[in-house]
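Protein chains in written order, with this note's numbering: chain U, 1 to 112; chain V, 1 to 114.
Backbone N, C-alpha and C define an ideal beta-carbon position, used for all residues, glycine too.
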């Protein structure tokens with residue numbers, strides 16, 4: 001079946017630094033990848049949609065300069081949280097279409 | 001606008017009982033997919049069951065079945081013979097065809113008591 005690998009599963013970083021999260025489709029080519037953020041006890045909030053080779057489409061209210069998304073190939077999308085602050089601490093999860101709809105295992109980001 | 005509504009924030013049942021989680025959605029699309037995802041404490045999103053809107057027959061996966069009422073835009077999930085491992089957040093979700101972004105409901109926290 002379709003597998004999406006997301007790394008790292010958890011990361012702690014200092015305030016002001018940047019952190020990169022990778023999302024890879026392992027056995028299929030992901031036409032489109034999605035990035036979600038999830039606050040405790042809440043649903044998934046779509047941040048942006050990325051298509052291979054083109055700029056990501058961000059949802060309203062999401063800062064594109066803070067959350068940089070790169071979709072360089074049909075199997076890899078990255079989310080970089082730039083100049084991270086404690087309020088960016090959250091659970092981030094990617095999803096991919098191309099073979100149904102499959103999610104990565106998520107990344108817990110803690111900014112201290 | 002396309003929306004998915006889950007009206008039950010929390011539910012709790014005894015092990016081996018049957019439980020039904022409700023979901024309604026709003027769309028003007030005729031073709032779409034509906035999903036139920038399970039999110040256990042590990043926070044991995046696990047697909048429970050999927051329904052194509054053009055199919056009248058309700059989807060079934062072992063102990064999990066849906067009641068899909070297209071005209072009423074209702075998509076409930078029934079879990080039979082509930083098990084402790086069913087304890088999780090359950091999200092109802094919708095994707096229009098051709099596939100674009102998935103729209104989630106707010107979730108239902110299900111607890112199975114021993």
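{"Item": "Nonlocal neighbours in the same chain, by C-beta distance under 7 Å from residue 29 of chain U, ignoring five residues either side", "Value": "74, 75 and 98"}
{"Item": "Stretch pair the stretch 92 to 108 of chain V + the stretch 29 to 36 of chain V: three plus CB contacts closer than 8 Å", "Value": "yes"}
{"Item": "Limits of the unbroken beta strand (DSSP E) element including residue 44 of chain U", "Value": "44 to 51"}
{"Item": "In chain order, each beta strand (DSSP E) run of at least 3 residues that lies wholly inside the stretch 54 to 110 of chain V", "Value": "64 to 69, 74 to 79 and 88 to 96"}
{"Item": "Residue 87 of chain U in three-state terms, based on DSSP", "Value": "helix"}
{"Item": "Straight-line gap, residue 116 of chain V to residue 62 of chain U (C-alpha atoms, nearest Å)", "Value": "What is shown of chain V runs 1 to 114, which leaves residue 116 of chain V out entirely."}
{"Item": "Contacting positions in the stretch 32 to 48 of chain V - beta carbon closer than 7 Å to chain U", "Value": "43, 44 and 45"}
{"Item": "CB of residue 197 of chain V within 8 Å of CB of residue 108 of chain V, strictly", "Value": "No statement about residue 197 of chain V is possible, as the shown extent of chain V runs from 1 to 114 and does not include it."}
{"Item": "At least three beta-carbon pairs within less than 8 Å, the stretch 1 to 21 of chain V to the stretch 44 to 51 of chain U", "Value": "no"}
{"Item": "Residue nearest to residue 38 of chain U in terms of C-alpha spacing, selected from V:105, V:47 and V:112", "Value": "V:105"}
{"Item": "Amino acids of chain V, ordered along the chain, whose beta-carbon sits closer than 7 Å to that of residue 46 of chain U", "Value": "101"}
{"Item": "Through-space distance from residue 93 of chain U to residue 19 of chain V, alpha-carbon basis", "Value": "28 Å"}
{"Item": "Under 7 Å from the C-beta of residue 106 of chain V: neighbouring residues of chain U", "Value": "43"}
{"Item": "Beta-carbon proximity check, residue 2 of chain U vs residue 106 of chain U, cutoff 8 Å", "Value": "no"}
{"Item": "Option nearest residue 34 of chain U by Cα separation, candidates U:15, U:23 and U:11", "Value": "U:23"}
{"Item": "Residues sharing a beta bridge with residue 23 of chain V, DSSP", "Value": "Beta-bridge pairing links residue 23 of chain V to no other residue."}
{"Item": "Whole-angstrom distance between residue 49 of chain V and residue 82 of chain U, CA atom to CA atom", "Value": "37 Å"}
{"Item": "Residue 146 of chain V, enclosing beta strand (DSSP E) - first and last residue", "Value": "One cannot answer for residue 146 of chain V here, as it falls past the ends of chain V, which runs 1 to 114."}
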